[in-house]
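Chemist: Right, I'll just put the structure down here and ask away after.
Protein chains: 2
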Amino acid sequence: MGIMTTKYEPPPGRDWSVLSKTCPSRSSLARIANKWTAMVVTVLADGPQRFGDLRTVLEGISGKVLTETLRDLERDGMLTRTAYAEIPPRVEYELTPLGRTLIEPVSVLVRWAEQHIPEVLAARDAYDDR
Amino acid sequence: MGIMTTKYEPPPGRDWSVLSKTCPSRSSLARIANKWTAMVVTVLADGPQRFGDLRTVLEGISGKVLTETLRDLERDGMLTRTAYAEIPPRVEYELTPLGRTLIEPVSVLVRWAEQHIPEVLAARDAYDDR
DNA sequence: CTCCAATACTTACGATTAGTGACCAATAAC
DNA sequence: GTTATTGGTCACTAATCGTAAGTATTGGAG
């Protein structure tokens, strides 16, 4: 356990809520409500992937940002990192059971973004023309 | 219409996907996969709210960031801003029909964050202790 | 032996964004 | 005149994002 063990209980009288500044779910929300996280989970939903493959399929992500995203997701227990002692190195990332429970929430969000392109772009045009 | 009217069609042979660097859904995903956006949508799901009330209930958000978040959501057609010519001023924000379609995706994400607090915190402790 | 390729990172740096605290405008109540 | 109220803006600092270059390892080409 860490030096300071965190209590998992809400303040008396009410449940935890992301609206509460001190609720641990806030940092979780910040982690999962993130475009790269959503994209990584989307790709890993199909099975384990190597670092380089992730980088290729997540068009536009840099190595540094991908590394950081994966590390944070690993820390929060959403994926595992497996390094094989080969040359050149091979590292595989795979969703944990906890990470797999994220597939549905994330896919709902991604589907929304993909399905509402026309409305959003039209709204933007209208706003910018005022 | 804007000076440059955007085409809403995917490249030939494949559908739009958030994984594509040039897909418009990417900017939408970046907008909605955001903690403040998720929290604003959560609160406005219950009906229109004034700026100050939003600021109070979204514990910890600064005025500047709330203004920016609301402006961006307004631009993307997800909410409306109504200013009443009173002293002191009163401004109300309300989800549009498009914005209301976001309630479900966002609430799924928020629920995930609130329900998986113990697993995430335990994973973090374990990771930090290695 | 030297040079290069391959992979998964690091590191240094500049750019972008988030967040803070002070200030403003208008008026009604005191 | 002074104060309180509300929804901002502005200037500034801190944090984060993203880019380009470098590192380590070793098998293979020449």
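Just so you know, the protein sequences line up as chains A and B, in that order.
Just so you know, my numbering puts the end of the first sequence at 963, numbered straight through with nothing missing.
Just so you know, my numbering puts the end of the second sequence at 963, numbered straight through with nothing missing.
The beta-carbon is built from N, C-alpha and C at its ideal position, and this holds for glycine as well.
How about B/P857 and A/L954: do their beta carbons lie closer than 7 Å?
Modeler: Yes, Cβ-Cβ distance for B/P857 and A/L954 is below 7 Å.
Chemist: Given A/A871, which residues of its chain have a CB within under 7 Å of its CB, disregarding the five upstream and five downstream residues?
Modeler: Around A/A871: V939, L942, V943.
Chemist: Using a C-beta to C-beta distance shorter than 7 Å, which residues of chain B count as neighbours of A/P938?
Modeler: The answer, in chain order, is V941, L942, W945.
Chemist: Check whether the Cβ of B/S895 lies closer than 7 Å to any Cβ atom in chain A.
Modeler: Not an interface residue.
Chemist: Rounded to a whole number of angstroms, what is the C-alpha to C-alpha distance between B/F884 and B/D905?
Modeler: Each residue's Cα considered, the two are about 15 Å apart.
Chemist: Against chain B, with Cβ distances strictly below 7 Å, would A/Y926 count as a contact?
Modeler: Chain B, which has no Cβ nearer than 7 Å to the Cβ of A/Y926, makes this no.
Chemist: For the alpha helix (DSSP H) containing B/E907, list its first residue and its last residue.
Modeler: B/E907 -> alpha helix (DSSP H) spans 896-908.
Chemist: Could you check which residue in B/R957, B/I950, B/R864 has the C-alpha nearest to that of B/M911?
Modeler: The candidate whose alpha carbon is nearest that of B/M911 is B/R864.
Chemist: Look at the alpha carbon of B/L903 and the alpha carbon of A/E919, and state the distance between them as a whole number of angstroms.
Modeler: So the two alpha carbons sit approximately 50 Å from each other.
Chemist: Mapping DSSP to helix, strand and coil, what is A/L891?
Modeler: Correct three-state label for A/L891: coil.
Chemist: Rounded to whole angstroms, what's the CA-CA distance from A/G988 to A/V874? Just pull it up for me.
Modeler: Absent from the model: residue 988 of chain A. The displayed extent of chain A is 834 to 963, so no value can be given.
Chemist: Does the beta carbon of B/M872 fall short of 6 Å from some heavy atom of the ligand FMN?
Modeler: Among the components of this structure there are no ligands whatsoever, and the ligand FMN is therefore not found.
Chemist: What does the alpha-carbon distance come out to for the pair B/D909 and B/D962?
Modeler: Their backbone Cα atoms lie some 43 Å apart in a straight line.
Chemist: Can you name, in chain order, every residue of its own chain whose Cβ lies under 7 Å from the Cβ of B/A916, other than the five neighbours on each side?
Modeler: Excluding residues within five positions, the ones whose Cβ falls inside 7 Å are P922, V924.
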